[in-house]
């Protein structure tokens, strides 16, 4: 009969050489993922995707910001013109405006026998300053709403606009504004003889003021 000491030795030997149970062979959940992490290739691809998405978002934001600048500048110019129209009515005299496409400016000037221009706190309008965009372009042409809008690649046109004491105008005029990267161009149509001002977008070859937004 085996002694207790011998039996203990036999039991220890069995435990030592017994196969490992299956549940002890499985790694803990998530241990494999944590020990290996992401490969260098995966990290490079992820960074590249993030960079592309950020670039697209920045480009879209820049375009929207530029479009908003062009819209703001055009609306400000229309408001300035309407202010001169109101001034002509209040002062009961004809107010003349010199439009310089190359300079991107509108300036009150004397008309006929007048020695001075119509008095105004803002005798000059600067499209670049109003829009906050140095690359904005102004194109001016003496034409009505039924005439096709000319191209506007660079600043062009030099003409005089008139508002009478009754707020009417003797001249049709189309003022286009353009900013690189923004499409379509914006436009202001002055319609004689009523002196109406309409803001719109150049769609096709016309100033469409049904698309002013």
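In my numbering, the protein residues as written are 2 to 214. The beta-carbon is built from N, C-alpha and C at its ideal position, and this holds for glycine as well. Since this is a predicted model, take the numbers as computed values, not measurements.
By the Cβ neighbour-count rule, residue 40 is exposed, with fewer than 16 other Cβ atoms within 10 Å of its own. Listed in chain order, the non-local C-beta contacts of residue 105 below 8 Å within the same chain comprise 127, 128, 129, 137, 138, 139 and 156, local neighbours out to five positions each way being set aside.
DSSP, reduced to helix, strand and coil, places residue 176 within a strand of the structure shown. One Cα belongs to residue 78, the other to residue 206, and the distance between them is close to 21 Å. About 6 Å separates the Cβ atoms of residue 109 and residue 119, confirming a contact at the 8 Å cut-off. Contact between residue 97 and residue 163 holds, since their C-beta atoms are separated by about 6 Å, short of 8 Å. Within its own chain, the residues whose Cβ lies closer than 6 Å to the Cβ of residue 181, once the five positions on either side in sequence are excluded, are 136, listed in chain order. DSSP lists no bridge partner for residue 87.
With fewer than 16 other CB atoms across the displayed protein chains lying within 10 angstroms of its CB, residue 44 is exposed.
With a cut-off of 8 Å on Cβ pairs, the stretch 83-94 is not in contact with the stretch 140-151, counting fewer than three such pairs.
The secondary-structure analysis by DSSP pairs residue 106 across a beta bridge with 101 and 127.
Counting every other CB atom within 10 Å of its CB across the protein chains shown gives residue 115 a total below 16, marking it as exposed. Secondary structure note for residue 187: its beta strand (DSSP E) is the uninterrupted segment 187-192. When DSSP assignments are scanned along the stretch 115-173, the uninterrupted stretches of alpha helix (DSSP H) that are 4 or more residues long and fall wholly within it turn out to be 128-132.
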